[in-house]
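Here the working numbering is used: the first residue of the sequence shown is 136, the next is one more, and so on. No residue lacks a Cβ here, since even glycine has one placed at the ideal position from N, Cα and C.
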Amino acid sequence: MSTSEEKCYVGIGAGGFLGANLIASLQEHGDFTKFIVVDPNPRLSSFTHLKINLGPDFVKYEKSSFLEDEVLDRVLKNAKSVFHLAAIGHTGSHGAPRHHDYVRRFNVAETEKLLKKCRDLGVENFIYASSIAVTFVGKPIYDAREDEGYPSPNEEMVSKNFLMFKISKDGRETISNMSSGKNCGLAMHLANQALMKNGKNGQVYNITDGEEIRQYSVWNGLIKSQGKSPPKHFVSYSLVSAFVSLSSYICYEWFNSGPPLTRFELEVLVTDNTYSIEKAKKELNYKPRKGHFQETVSYYRQRREEEMRIERARNYELYILIISVLFVGVVIFCF
């Protein structure tokens, strides 16, 4: 079979963190199928800790947008599996109300268009990664299953009514789940394997690390690794809510940028939301790896220790230089 006819994988929007973890998981499990990254600004080379083989025989870049028909025609013609990781929405400048129609068109209409193009060109498998924004509407969620359905249209996060929605706060720390990049990459690899083995199509899976975490305490180790003290007191929700409303208006309307904290992010922080991964365990044989966040903490602790070591060395050199200059000055003055 010639190179032009070899089947490949295509990752839409796979040039960042999630795409890097996906490719790393594929290669870790012996799947070195050529991977075409469709991303205007790929930065896979920055994730050096993942040990990805980025050689041209394994990873190829298409530095374009998947919104362009000619791009899809070019990259999908020999695609065996498509991993769709591109989405915009609840954070950054696109969170502004005036962008809601564009966000919906990008996330829904363009995804449907991509699906149709995949069917037309004979792509066998399609794996789509989404976020909790699909189901979270500001109400507590406990051990949510995939078959519980999606919120009704009037409960979408883009609804204007959401801004007036008040959640009862009782001063306690909320609970949630984490989803590490490595476990997300592993799950997408397993989903692809299941589809290639004629597994059930059209399935939805919750993917988390399988551990319940407290939304603030979980960061204590990382904060301490930077030589700082974790916060000890809660800030009034009403005060933060007012700040979010004001800063969102100023950032969106005056500067066309994302605010420090969006309404969505605030509500996720103050609302319990946990998700069941039993279906993924049963059907994909998904076994989440533990301790990823602790690895992150260790990485940043070591990096800070190295920075402090370098700073001490520089200070020592400066100290020696100053002493030497003073000594020479004294000698000259005396003689």
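By DSSP's criteria, residue i is part of a beta bridge. Which residues make up the other side?
i	result
residue 147	173, 219
residue 261	217
residue 279	410
Where do the N-terminal and C-terminal ends of the beta strand (DSSP E) with residue i fall, by residue?
i	result
residue 197	194-197
residue 387	Counting along the chain, residue 387 falls outside any beta strand (DSSP E), and DSSP gives it neither H nor E.
Contact check, residue i vs residue j under 8 Å by CB: the rounded distance?
i	j	result
residue 268	residue 319	Not a contact, Cβ separation roughly 15 Å.
residue 324	residue 199	Contact flag wrong, Cβ pair sits at about 25 Å.
residue 258	residue 217	5 Å
residue 169	residue 193	6 Å
residue 158	residue 201	That belief does not hold up - the Cβ atoms of residue 158 and residue 201 are roughly 17 Å apart, past 8 Å.
residue 361	residue 439	6 Å
residue 404	residue 309	7 Å
residue 150	residue 185	Contact doesn't hold; Cβ gap of about 14 Å is too wide.
residue 421	residue 279	The Cβ separation is near 16 Å, so there is no contact.
residue 340	residue 281	6 Å
residue 344	residue 423	5 Å
residue 77	residue 312	The first residue shown for the chain is 136 and the last is 470, placing residue 77 beyond what the model contains.
residue 250	residue 207	Not a contact, Cβ separation roughly 11 Å.
residue 316	residue 432	Not a contact, Cβ separation roughly 15 Å.
residue 277	residue 409	6 Å
On a CA-only basis, which of the options is nearest residue i? Give me that one, please.
i	options	result
residue 242	436, 221, 251	221
residue 337	355, 367, 418, 314	418
residue 182	156, 443, 456, 164	156
residue 112	358, 213, 150	Residue 112 lies beyond the range of the chain shown here (136 to 470); nothing can be said about it.
residue 389	452, 421, 233, 440	233
residue 143	386, 339, 261, 432	261
residue 212	314, 253, 280, 178	253
residue 376	396, 442, 434	396
residue 537	187, 190, 178, 209	This structure gives no information on residue 537, because the portion of the chain shown stretches from 136 to 470.
residue 393	175, 342, 371, 223	223
residue 307	165, 371, 442	371
residue 314	266, 328, 237, 352	266
residue 235	407, 434, 455, 387	387
residue 215	245, 166, 177	166
residue 95	188, 385, 415	Outside the displayed span of the chain (136 to 470) sits residue 95, for which this structure offers no information.
residue 175	189, 163, 203	203
residue 398	412, 413, 379, 411	379
Terminal residues of the continuous alpha helix (DSSP H) containing residue i?
i	result
residue 155	152-163
residue 236	235-239
residue 468	427-469
residue 270	Residue 270 -> no alpha helix (DSSP H), and no H or E assigned at all.
residue 166	Segment: none, residue 166 is in no alpha helix (DSSP H) and carries neither H nor E.
residue 183	No alpha helix (DSSP H) contains residue 183, which DSSP labels as neither H nor E.
residue 251	245-255
residue 209	204-211
**Report entry** Sequence ranges, beta strand (DSSP E) only - wholly within the stretch 307-363, length at least 3
**Finding:** DSSP runs (the beta strand (DSSP E)) wholly in the stretch 307-363: 310-312, 347-349.
**Report entry** Contiguous beta strand (DSSP E) assignments of at least 3 residues, all confined to the stretch 393-422
**Finding:** 408-410
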